[in-house]
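Take a look at the structure set out below.
2 protein chains.
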Amino acid sequence: MQIAVLGYGVVGSGVVELFEKHKQGIISKSTQNNLDLKYILEIRDCTDSPYSPLFTKDFNDILNDDGVKIVVETMGGLHPAYDYVKASLHAGKHVVSSNKELVATFGYELLKLADKNNVNFLFEASVGGGIPIIRPISQCLAANEINEIAGILNGTTNFILTKMFGESMSFKDALLLAQENGYAERDPSADIDGIDSCRKICILASLCFGSHVFPKDTFTEGISSIKSEDVEYAKSWGGAIKLIAKAKKLENGKIHILVSPALVQNHSQIAHVDDVFNAILVRGDAIGEVVFYGRGAGKMPTASAVLADIIDCAKHDLRKKLFGWGAPVDDYVEDYMDMPVSLYVRAQIGDFLSALAHVEDVITGVTILKRKDAPGDELAFVTPPEKEGLLRQKLKKLPLNPLSIIRVTDY
Amino acid sequence: MQIAVLGYGVVGSGVVELFEKHKQGIISKSTQNNLDLKYILEIRDCTDSPYSPLFTKDFNDILNDDGVKIVVETMGGLHPAYDYVKASLHAGKHVVSSNKELVATFGYELLKLADKNNVNFLFEASVGGGIPIIRPISQCLAANEINEIAGILNGTTNFILTKMFGESMSFKDALLLAQENGYAERDPSADIDGIDSCRKICILASLCFGSHVFPKDTFTEGISSIKSEDVEYAKSWGGAIKLIAKAKKLENGKIHILVSPALVQNHSQIAHVDDVFNAILVRGDAIGEVVFYGRGAGKMPTASAVLADIIDCAKHDLRKKLFGWGAPVDDYVEDYMDMPVSLYVRAQIGDFLSALAHVEDVITGVTILKRKDAPGDELAFVTPPEKEGLLRQKLKKLPLNPLSIIRVTDY
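Those protein sequence lines, which keep their order, are chains A and B.
Quick note on the numbering used here: the first sequence kicks off at 1 and runs consecutively.
Quick note on the numbering used here: the second sequence kicks off at 1001 and runs consecutively.
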């Protein structure tokens, strides 16, 4: 039984390295004595690699080789990844992917195609890097009705926020540091705008709630507008600001799904998840709350997750795993403006006492926040929970100029 | 395919309740259309139960019924649990158990027997209650060499320590409260003496490192001697005291395994695991550090783990899962006195300055701790790491009367 790896970037080279390192153990766990690596697809020349005999630039070498039973897609992006994965499944090959964009966009279609061809399409590495999450949800929590899932799903933004909090760095400086450390791309928008987190929460919501959820239907807000002032206020409130991705099943059959920065209280398990670490919280009817914590990205952690899938494909060669989700449903995502939420507001005001009186008059029960050296024309507060749309309408009526509005979470 | 549940206590009744609640989903996930509950073995009379037709007091009814393919052991204790499990495996029935004492004592023998009879012996619920841990370790982290595992594995003691820390309760009062809340048994020794944690870390060590480890070979210390004074000092040091169970693979092929209270720094993921929650930290060569957090006990969380195993047995009816560990090895556990450790010491002394000078002379680099209202004849400090045996010898030479010695962990 042979394996082909598509793409020899960070993840792909990690997969090859880890496979070679633990080959005997992997073979024994996979119960396939002849499990081996046959091809690496890469357009770059890699003649100085110890694996140079395995390299090919032509995907058809892989597709037409009947010995290749497992195709590992670690290219990223939608094309040609989608086309190669589709062709591989059609040809009766198992596919393992670490590509969250692919799974979030075409997951349902590819799972169906895998099912039809009696092969597996697995993607443990697409969410949470090396943190076991897809398999625990689909197997260990199988006797639960999962009603909520939330977490810190992006290591780059969490690193930036940790530096803004712990070392009072500005967003710009923290982003530069993340880039210097190799945590952020030169174009960091997929991370800092929340797009990466959005793809991941869509995959988790599809898996937990049973119908495919698309990133385009998921409201997504990034962290680039968070200021040092907000960090100070969050501290004085007794918490931290984290980029939270969450999805919740509603009683009306729809789901609430959202990616945005949020104030998290210090006593939360999520508040202390720092640097590039990720944490994923799952709420089920029997289990209560479970949290999975670890490195959400990086060469070897991600390769570890890919290899767990490879072992599973090899073990289940002759029968597909029962795993997946259903077709997308129209009008499935509830308007987030109709969901109750608490908001943190930092605003420019005229007269402090008069503004305060106005705020307390229109929104009952706000908590006023303080910070050192706040200018006299600044007011910050946290509202009680109320439908977000109504709350924002009320804010508009007030004699204040909001500089920052951030959701508050109850995790 | 039919199921028999042995023992209708907290866990057993939870299994029945959860099975009935999610029956359709469980059947669909198990791919066995005729999966159903046939017997409940219980010596008590349960005539007022909605499941009364299922009750039997005779295990032979179950053993001799060829329709029963899955036996669920939730009785606890060694006998007759061991005998029933053995007989069931011999008869070609899968067994699912939540019984940590059974697995820690007879795990290797029963896994071998299951293997011989081509059936599964699964026990996800035996460690961490509902927290997925056995399956993630054996499947998701399969491409890792796991070198260390540690955690808070007992909810009762963690509840007591949380109350001693957060509300300055004495050990005695916190234990009483735990008993009032139903978290601690009337005879709480299995929890507070660390026996329960010991069984669980033995199961995890066996799974991670490949050879059966017995509780009798594992040094175990409970929490009953921890005093309010120690809690105050731990706070001033910047941490908490937790009952930590840990196991580590050593370069000489042996393992280091230990259960004891330990000072944990506040920045650790484990320091903020409070009340009855558990957390399990796993270190692997590829994955780095992952932590699994959730309710480590309780009716429904534990039932959720048992049902995940039932689903797995039903799905893998015709072939056993590749899962287990090897025979016990002589002289496998390293003497913990030969392992390096930092110690926290609280001692009664004569003259403060003279005692301090002695301590600093004999143990270089100690950190002196302070607490409010400490009596003049008290000294508390944390040592740098050194072989525990040597460190304790040095302490004996000093002119002080140790009132409390607690290990310090680096998790």
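The C-beta atom is built at its ideal place from N, Cα and C for all residues, glycine as well.
What you are looking at is a predicted structure, and each value in this text was computed from that prediction instead of being measured.
B/Met-1001 and B/Ala-1314 do touch by the CB rule: their CB atoms are close to 6 angstroms apart, below 8 angstroms. For A/Gly-239, the enclosing beta strand (DSSP E) stretches over residues 239-249. A/Pro-301 reaches chain B at Ala-1286, Ile-1287, Gly-1288, counting residues in chain order whose Cβ is nearer than 8 angstroms. Sequence-distant Cβ neighbours of A/Ser-13 in its own chain, meaning closer than 8 angstroms and more than five residues away, are Lys-299. Note on geometry: alpha-carbon atoms of B/Asp-1274 and B/Asn-1158 lie some 6 angstroms from one another. Nearest to B/Lys-1249 by C-alpha distance, out of B/Ile-1146, B/Ile-1287, B/Tyr-1183, is B/Ile-1146. Per the DSSP secondary-structure output, A/Pro-340 pairs in a beta bridge with A/Lys-387. DSSP lists no bridge partner for A/Asp-66. Beta-bridge annotation (DSSP): B/Gly-1288 is paired with B/Gly-1284. In the displayed model, A/Leu-89 falls within a helix according to three-state DSSP. Nearest Cα to A/Gln-269 within the set A/Thr-156, A/Ala-308, A/Ile-131, A/Ala-150: A/Ala-150. Nearest Cα to A/Gly-296 within the set A/Ser-138, A/Asp-83, A/Phe-123, A/Ile-152: A/Ile-152.
For A/Thr-105, DSSP assigns no beta-bridge partner whatsoever. Bounds of any alpha helix (DSSP H) do not take in B/Ile-1003; it lies within the beta strand (DSSP E) bounded by 1002-1006. Identification of residues in the region 202-221 of chain A having a C-beta nearer than 9 angstroms to some C-beta of chain B yields an empty set. About 16 angstroms separates the Cβ atoms of A/Asn-60 and A/Met-75, ruling out a contact at the 8 angstroms cut-off. Contacts between A/Ala-125 and chain B, judged by CB atoms closer than 7 angstroms, are missing: the closest CB pair is about 10 angstroms apart. With its beta carbon at least 7 angstroms from every one in chain A, B/His-1094 lies outside the interface. In the displayed model, B/Gly-1155 falls within a helix according to three-state DSSP.
For the options B/Gly-1376, B/Gln-1348, B/Val-1306, the alpha carbon positioned closest to that of B/Val-1010 is the one of B/Val-1306. Residue pairing by DSSP leaves A/Thr-74 without any beta bridge partner.
Taking 8 angstroms as the upper bound for CB-CB distance, A/Asn-154 and A/Ser-197 are in contact here, some 5 angstroms apart. Out of B/Thr-1409, B/Leu-1063, B/Asp-1058, the CA that lies nearest to the CA of B/Ala-1245 is found in B/Thr-1409.
In the three-state reduction of the DSSP assignment, B/Arg-1186 falls in the coil class, being assigned neither a helical nor a strand state. For A/Gln-139, DSSP assigns no beta-bridge partner whatsoever. Residue burial is scored here from C-beta neighbours: A/Val-362 has fewer than 16 other C-beta atoms within 10 angstroms and is therefore classed as exposed.
Interface flag for A/Ser-304 against chain B is set, since a Cβ pair is found closer than 7 angstroms. The beta carbon of B/Ser-1260 sits closer than 6 angstroms to the beta carbons of Glu-1221, Arg-1407 from its chain, once the five residues preceding and following it are set aside; these are given in chain order. Taking C-beta separations shorter than 7 angstroms and ignoring five residues to either side along the sequence, the partners of A/Ser-138 in its chain run Leu-207, Phe-323, following chain order.
Under DSSP, A/Ser-236 takes part in no beta bridge, so it has no partner. In this structure, the alpha-carbon of A/Met-169 lies about 14 angstroms from that of A/Ile-241.
For the C-beta of B/Gly-1130, the chain A residues within less than 9 angstroms are, from N- to C-terminus, Cys-140, Leu-141, Asn-144, Gly-284, Ala-286, Ile-287, Gly-288, Val-290. Excluding five sequence positions before and after B/Leu-1204, the CB atoms of its chain that fall closer than 7 angstroms to its own CB belong to Val-1127, Ile-1149, Ala-1247, given in chain order. Rounded to whole angstroms, the gap between the alpha carbons of A/Tyr-233 and B/Asp-1217 is 52 angstroms.
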